[in-house]
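A short write-up of the structure that comes next.
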Amino acid sequence: MAVLTILSVILVRNLKVEKPGKIQLALESFIGFLNDFFVDTIGKDGKPYVPYLISVALYIGAANLIGLFGFKPPTKDLNVTAALALMSLVLIYYSGLRKKGPKRFLLGFAEPMPIIAPINIMEIAIRPVSLCMRLFGNVIGAFVIMELLKMLMPAVLPVPFSLYFDIFDGLIQTYVFVFLTSLFMKEQME
Amino acid sequence: MLNLGWSLVWTIVNLIIFYFLMKHFLVGPILGILEKRKNLIAQELENAKAAQEKAEELKGHYEGALAGAKEESVQIIEAARADAKNESERMVKEANAEAAKIIENAKATAEQERKNALLGAKSEIAGLAVEAARKLLSEGSTEKGNSMLYDEFLAKAGDGNDTDIH
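Set out below in structure tokens:
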């Protein structure tokens, strides 16, 4: 986190409106891509939440990729994924509550018909658990396999697997986590 | 490994701090820049549009002025032509009138002249007749005298002394 923050501070220092440099262009297209992606998913009403989603995407992405450098990914700890999922949960229902007001928010559980209200209420618990467990399971699985492979053959063998488990899987899980969060938020705000 | 502990809370706290840091240092400025650029581009487009509209308006204005000037010049030429025509007609008329007057004058003068000449001739003839009568009375009437008188009269009032040229 400190590294990311320092990097951000350094990179963002010399931003200009006209004639951006190469670094600024890269940064802009990267953040612009994330921003567009979230705005597309969540809709215009969700704009205030986009910075949070970008932060979480950066955090999970960095946490998953850190395994490349031999660190232990923080997301392999259930506490971290649970924390992320809890915050998503809070954000999902907070966004709905703020958009619709308390009464319509509560009535929203009885949609599309009252009989499935119990399912909707169970979703409150199911959604964060599934988010948390998916991320946790993927990362711990990748981590365990990588450790086993490193024990088996430390030099060449881990490279292709590392490409898959650390980079591909890590980024996919990041994408899935933030995408689902924004999707749920949009659903709540409708 | 599957137990939740205090570190969950710390992670949440850290995440919130991380969120604010990111928002303040990374996402905020960059989105701000993007927004500013968007506004700038929109403004420039707006300016360009306004300038073009103004140019179109000016063009229309000038074209109108040009057409007006053309029309005006045509009118002026038309008016000048009409003026010139009137003038020439008037001059021709005047000249004709003048000529007619001159001719009239000349005619009148000639008539007067002729009348004068006639009058002169008449008085001369009368004088001659009176003279002849006196001579006849004083000399007596003879055949010879009569014929001589007659000849003399003819010689004085004949063609050689005719002043009326017709």
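Quick mapping for you: the protein sequence lines, in order, are chains A and B. The numbering of the first sequence is this note's numbering, which starts it at 679 and goes up by one. The numbering of the second sequence is this note's numbering, which starts it at -19 and goes up by one. We put the CB at the ideal spot given by N, CA and C, even for glycine.
- Within the region 721 to 744 of chain A, the residues whose Cβ lies closer than 9 Å to any Cβ of chain B are, in chain order, V728, P729, Y730, I732, S733, V734, L736 and Y737.
- Look at A/A788: its C-beta is not under 8 Å from any C-beta on chain B.
- Look at the region -13 to 2 of chain B: the residues with a C-beta under 7 Å from a C-beta of chain A are S(-13), L(-12), T(-9), I(-8), N(-6), L(-5), F(-2), Y(-1), L1 and M2.
- Proximity of chain A to B/G8 at the Cβ level (cut-off 8 Å) is accounted for by P729, in chain order.
- Comparing C-alpha distances from A/K725 to each of B/K102, B/K39, B/L11 and B/E26 shows the shortest one belongs to B/L11.
- Taking a contact to require three or more Cβ pairs closer than 8 Å, the region 788 to 796 of chain A and the region -8 to 2 of chain B do not qualify as touching.
- In this structure, A/V807 keeps its C-beta atom at 8 Å or more from the C-beta atom of A/Q851.
- Of all residues in the region 800 to 821 of chain A, none has a C-beta nearer than 7 Å to a C-beta of chain B.
- Within chain A, the residues E706, I709, G710 and N713 have their CB atoms less than 9 Å from the CB of B/L14, given in chain order.
- Within chain A, no C-beta atom comes nearer than 7 Å to that of B/L38; the closest sits roughly 30 Å away.
- For a cut-off of 8 Å, the C-beta gap from A/F814 to A/T753 is around 7 Å, short enough to register as a contact.
- Residue environment: B/F5 is assigned as buried (16 or more neighbouring CB atoms within 10 Å of its CB, all protein chains considered).
- For A/A788, the closest C-alpha among the options A/Q702, A/P838, A/Q866 and A/I709 is that of A/Q866.
- Closer than 8 Å at the C-beta level to chain B, one finds these residues of the region 757 to 787 of chain A: N757, V758, A760, A761, L762, L764 and M765.
- At a Cβ-Cβ threshold of 8 Å, B/L129 and B/L116 count as neighbours.
- Note on geometry: alpha-carbon atoms of A/G721 and A/R776 lie some 15 Å from one another.
- The beta-carbon distance between A/I738 and A/F855, rounded to whole angstroms, is 6 Å. This is short enough to meet the 8 Å contact definition.
- Contact between the region 32 to 39 of chain B and the region 762 to 771 of chain A is absent, with fewer than three C-beta pairs closer than 8 Å.
- Against chain A, the beta carbon of B/G(-15) has neighbours under 8 Å at N757, listed in chain order.
- Look at A/F857 here: in three-state DSSP terms it is helix.
- For the beta strand (DSSP E) assignment, the region 753 to 784 of chain A encloses no uninterrupted run of at least 3 residues.
- The DSSP-derived three-state label of A/F862 is helix.
- When secondary structure is reduced to three states using DSSP, A/E868 falls in the coil class, being assigned neither helix nor strand.
- Using a Cβ distance threshold of 8 Å, A/P729 and B/V7 count as a contacting pair.
- If you compare the alpha carbons of A/P790, A/M791 and A/G774 with that of A/F783, the shortest gap goes to A/G774.
- A straight line joining the alpha-carbon of A/L861 with that of A/G819 spans about 26 Å.
- The Cβ neighbour count for A/N742, taken over all protein chains shown within 10 Å, is at least 16; the residue is labelled buried.
- Around the beta-carbon of A/F843, 16 or more other beta-carbon atoms lie within 10 Å, marking it buried.
- Closest by C-alpha distance to B/N(-17), out of A/A760, A/L835 and A/P780, is A/A760.
- The C-alpha of B/N126 lies about 9 Å from the C-alpha of B/A112.
- In this structure, DSSP gives A/F749 a state outside helix and strand, which the three-state scheme calls coil.
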